[in-house]
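Participant: Input: one structure, supplied below.
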Amino acid sequence: MQYAESARDAAARWDITTPSRPGRLPGVGMAGFRDRRTDLVDLQVVPYPAVTVVVDFGDGLLVDDVSGRQQRGSAVLGLAPGSVRVHGRDIECLQMRLSPVVAHAVLGASLESGGAVVALEDLWGRDAGRTQEQLRAAASWEERFAIAEAALARRHAAGRAVDPEVGYAWRQMVASRGQVRIEQLAAEAGWSRKRLWARFRSQLGLTPKRAAQLVRFDHAAHRLAAGHSAASVAAEGGYVDQSHLHRDVMAFAGVTPTAVAAAPWLAVDDVAWAALGHASKT
1 MQYAESARDA
11 AARWDITTPS
21 RPGRLPGVGM
31 AGFRDRRTDL
41 VDLQVVPYPA
51 VTVVVDFGDG
61 LLVDDVSGRQ
71 QRGSAVLGLA
81 PGSVRVHGRD
91 IECLQMRLSP
101 VVAHAVLGAS
111 LESGGAVVAL
121 EDLWGRDAGR
131 TQEQLRAAAS
141 WEERFAIAEA
151 ALARRHAAGR
161 AVDPEVGYAW
171 RQMVASRGQV
181 RIEQLAAEAG
191 WSRKRLWARF
201 RSQLGLTPKR
211 AAQLVRFDHA
221 AHRLAAGHSA
231 ASVAAEGGYV
241 DQSHLHRDVM
251 AFAGVTPTAV
261 AAAPWLAVDD
271 VAWAALGHAS
281 KT
């Protein structure tokens, strides 16, 4: 599989707007996107250790996944969403990246990995429609960001938090860039490995091992995109060797490390998600 356009072309085609001040809810990032061109957008999504909520302000955005499921308009992409593509013309949308710890409370459910694309309405019901109407009627991106932040904060306050032990395990995974033993996390949390595995899986949608692999992959993908060699990325990223890196990248992104290095999806990250870094920490 090849990406439809170069990373340079992808970065050049988008007007990107980010909030002028840090958000009140840790573990949340937002960015507004407007397509400068009229030709078809066709992008392969590179998995990221966060749940992504996309609110479409037009009528041309289409997201499809490996299962054949298609979602037109506003959508939620779970962790490690597998082979997901974004299509459309004249796209204008708001993207929100939620730490899985935050997403559990905000969305009211954990999203399974491996191709999960869900309509926002399926998770928020009527509240999704009301929020989208307010966002579309807003006069500026700053107003949109404020409306979205208020909606997230309201649902977060009313939602159910993850277990403190699960939140701790996630933060340690991010801090170590995925290079941490699950047995160590369980011991530090005062739980058995089996209990941590079960609670983490039910609340965040991934097993602890898969989550750590995703965080490690994310760091590796951004190092590759920054121009570092696969050999050096493997050595510093905790991979056994370059072949191990190759297998992990193929498993998450469906393409080789060389293709990930040139992925258009990553070309905008330093602009759109600079405040988040390369993983949602909270």
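Quick note on the UniProt record's numbering: the sequence shown kicks off at 1 and runs consecutively.
Glycine included, each C-beta is placed from N, C-alpha and C at the ideal position.
1) I'd like to confirm the pairing. Which residues does DSSP put opposite Leu62 in its beta bridges?
2) For Arg126, count the other beta carbons within 10 Å of its own beta carbon; 16 or more makes it buried, fewer makes it exposed. Which is it?
3) For Gly238, write down the residues that DSSP places opposite it in a beta bridge.
4) Can you tell me where the beta strand (DSSP E) with Asp122 in it begins and where it stops?
5) So Asp35 is in the beta strand (DSSP E); what residue range does that whole segment cover?
6) Return the bridge partner residues of Ala96 from the DSSP annotation.
7) Going by DSSP in three states, Trp14 sits in which element: helix, strand or coil?
8) Which class does Ser20 belong to by DSSP, given the choice of helix, strand or coil?
9) From Gly78, Val101, Asp59, pick the residue whose C-alpha is nearest to that of His87; which is it?
10) Look at Leu245 and Ala253 and say whether their C-beta atoms are less than 8 Å apart.
11) Excluding sequence positions up to five away, which residues of its chain have a Cβ less than 8 Å from the Cβ of residue 308?
12) Among Gln179, Asp56, Trp191, whose alpha-carbon lies nearest the alpha-carbon of Arg136?
13) Along the alpha helix (DSSP H) that carries Asp218, what are the first and last residues, could you check?
14) With a CB to CB cut of under 7 Å and the five nearest residues on each side skipped, what residues in its chain are close to Leu94?
15) Could you tell me the distance, in whole angstroms, from the CA atom of Leu224 to the CA atom of Gly73?
16) How would you write the range of the alpha helix (DSSP H) that Leu185 sits in, first residue to last?
17) In the structure shown, what three-state DSSP assignment does Val174 receive?
Facilitator: This is what the structure gives:
1) Counted from its first residue, the sequence shown places residue 62 at position 62. DSSP, once it has assigned bridges, lists Arg72, His87 as partnering Leu62.
2) Against the sequence shown, residue 126 aligns to sequence position 126. Under this definition Arg126 is an exposed residue.
3) Working through the sequence shown from its first residue, we reach residue 238 at position 238. Bridge partners of Gly238: none, in fact.
4) By one-based count along the sequence shown, residue 122 stands at place 122. Judged by DSSP secondary structure, Asp122 falls outside any beta strand (DSSP E) and instead within the alpha helix (DSSP H) spanning 120 to 124.
5) Within the sequence shown, numbered from 1, the residue matching residue 35 stands at position 35. Taken as a continuous stretch (DSSP letters only), the beta strand (DSSP E) holding Asp35 covers 28 to 35.
6) Within the sequence shown, the letter at position 96 stands for residue 96. It is worth fixing the name first, because residue 96 is Met in this sequence and not Ala. Answer by DSSP bridge pairing, in chain order: Met30, Val53.
7) Against the sequence shown, residue 14 aligns to sequence position 14. Three-state result, Trp14: strand.
8) Residue 20 sits at position 20 when you count from the first residue of the sequence shown. Look at Ser20 here: in three-state DSSP terms it is coil, with no helix or strand label.
9) Residue 87 sits at position 87 when you count from the first residue of the sequence shown. Of all alpha-carbon atoms in Gly78, Val101, Asp59, the one lying nearest the alpha-carbon of His87 is that of Asp59.
10) Translated into positions along the sequence shown, residue 245 becomes position 245. Translated into positions along the sequence shown, residue 253 becomes position 253. No, they are not a contact pair.
11) Because the chain here runs from 1 to 282, residue 308 falls outside it and cannot be looked at.
12) The residue you call residue 136 lines up with position 136 of the sequence shown. That would be Asp56, whose Cα lies nearest to the Cα of Arg136.
13) The residue given as residue 218 occupies position 218 in the sequence shown. Per DSSP, Asp218 is one residue of the alpha helix (DSSP H) stretching across 208 to 225.
14) Against the sequence shown, residue 94 aligns to sequence position 94. Excluding positions up to five away in sequence, the list reads Met30, Gly32, Val55, Leu135, Arg144, Ala148.
15) Mapped onto the sequence shown, residue 224 falls at position 224. Mapped onto the sequence shown, residue 73 falls at position 73. Looking at the two C-alpha atoms, the distance is approximately 31 Å.
16) What you label residue 185 is simply residue 185 of the sequence shown in a count that begins at 1. In the DSSP assignment, Leu185 falls within the unbroken alpha helix (DSSP H) covering 182 to 189.
17) Here residue 174 corresponds to residue number 174 of the sequence shown, with the count starting at 1. Correct three-state label for Val174: helix.
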